[in-house]
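Visitor:
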Amino acid sequence: MAKQDYYETLDVSRTATAAELKKAYRRMAMKFHPDRNPDNADAEAHFKEAKEAYEILSNAQKRAAYDQFGHAGVDQSAGGGHRGGGAGGFSDIFGDVFNDIFGASGGGRQNHRGADLRYHLDLTLEEAVAGTTTEIRIPVNVDCKPCDGSGAKKGSTPVACSTCAGHGQVLMQQGPFQVQ
4 MAKQDYYETL
14 DVSRTATAAE
24 LKKAYRRMAM
34 KFHPDRNPDN
44 ADAEAHFKEA
54 KEAYEILSNA
64 QKRAAYDQFG
74 HAGVDQSAGG
84 GHRGGGAGGF
94 SDIFGDVFND
104 IFGASGGGRQ
114 NHRGADLRYH
124 LDLTLEEAVA
134 GTTTEIRIPV
144 NVDCKPCDGS
154 GAKKGSTPVA
164 CSTCAGHGQV
174 LMQQGPFQVQ
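Mapping of the sequence shown onto our numbering: residues 4 to 183, in sequence order.
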């Protein structure tokens, strides 16, 4: 089932401010809250949709991903999200904590180990025995264009770039594939 546009769910414009989003969410929550609509499954579904929409749109990074890629940019079950799923493990969890403590988000380039790549390739028995050459495409990290990977806009003091939030890289998605 296709999800409704988050802006339509909250009945706000795409340029809505944080205050407008909060006001719209509260209005929807009051209208569809399960305590106000007992035994009404539709109201409960609307309440959950409004909550999900507000959680995405009230977070600047998630909102930017949603604005650029739609639901695929923020839906974890579709492989979306800022980091491309939960395959990062130990280094992602503690790397973020230490980066915050020691200020590594201050603008330098940061290399993050990507997820292991898997590729399904169909071969005939003859190709497997004799060997063959096949060209495949492997995604690579690309530098954020406005800050050239520095994490801050060119010619400015170290202030986080609004496009990549100071990470130096942006998430790109083409079809079901995602590249950071």
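Here a beta-carbon is modelled for each residue, glycine too, at the ideal position from N, C-alpha and C. Predicted model, so just to flag it, every value in this text is computed and none were measured.
(1) Could you tell me the alpha carbon to alpha carbon distance between L126 and A133, rounded to whole angstroms?
(2) Just tell me which of N62, E129, E130, T137 has its CA closest to the CA of Y122.
(3) Following the continuous alpha helix (DSSP H) through L124, name the residue where it begins and the one where it ends.
(4) Once DSSP output is grouped into helix, strand and coil, what is the label at Q7?
(5) What residue range does the alpha helix (DSSP H) around I59 cover?
(6) Taking three-plus beta-carbon pairs below 8 Å as touching, is the segment 62-78 in contact with the segment 38-51?
(7) Mind checking which residues open and close the alpha helix (DSSP H) that includes K26?
(8) What would DSSP say about L13, mapped onto helix, strand or coil?
(9) For A75, tell me which candidate among K6, Y57, P149, C147 has the shortest Cα-Cα distance.
(10) Going by other Cβ atoms of all chains shown within 10 Å of its Cβ, with 16 needed for buried, is L13 buried or exposed?
(11) Contact defined as beta carbons within less than 8 Å: I believe A53 pairs with F35. What is the distance between those atoms, to the nearest angstrom?
(12) Classify E68 as buried or exposed, calling it buried when 16 or more other Cβ atoms lie within 10 Å of its own Cβ.
(13) Among the candidates R29, D38, T18, whose CA atom is the shortest distance from the CA of E58?
Guide: Looking at the coordinates:
(1) Here residue 126 corresponds to residue number 123 of the sequence shown, with the count starting at 1. Here residue 133 corresponds to residue number 130 of the sequence shown, with the count starting at 1. Here the alpha carbon of L126 sits roughly 11 Å from the alpha carbon of A133.
(2) Locating residue 122 in the sequence shown gives position 119, where the first residue counts as 1. Of N62, E129, E130, T137, the residue nearest in Cα terms is T137.
(3) Within the sequence shown, the letter at position 121 stands for residue 124. Premise fails: L124 is in no alpha helix (DSSP H) and is neither H nor E.
(4) Numbered from 1 along the sequence shown, position 4 holds the residue referred to as residue 7. Residue state, collapsed to three classes: coil.
(5) Taking the first residue of the sequence shown as position 1, residue 59 is located at position 56. That run of the alpha helix (DSSP H) goes 44-60.
(6) no
(7) If you number the sequence shown from 1, residue 26 lands on position 23. Start and end: 21-35.
(8) As a first step, residue 13 is located in the sequence shown; it is residue number 10 there, counting from the start. Correct three-state label for L13: helix.
(9) Along the sequence shown, read from residue 1 onward, the residue named residue 75 stands at position 72. Looking at the Cα atoms, K6 is the closest of the given residues.
(10) Numbered from its first residue, the sequence shown carries residue 13 at position 10. Counting Cβ neighbours within 10 Å, L13 comes out buried, since at least 16 surround it.
(11) Translated into the one-based positions of the sequence shown, residue 53 becomes position 50. Translated into the one-based positions of the sequence shown, residue 35 becomes position 32. Going by Cβ atoms, the distance from A53 to F35 rounds to 7 Å, so yes, they are a contact pair.
(12) Your numbering for residue 68 matches position 65 in the sequence shown. Here residue 68 is Ala; the residue named in the question, Glu, does not match the sequence. Around the Cβ of A68, a 10 Å sphere holds 16 or more other Cβ atoms; the residue is buried.
(13) Reading the sequence shown from its first residue, position 55 is the one you call residue 58. Among R29, D38, T18, the Cα nearest to that of E58 belongs to R29.
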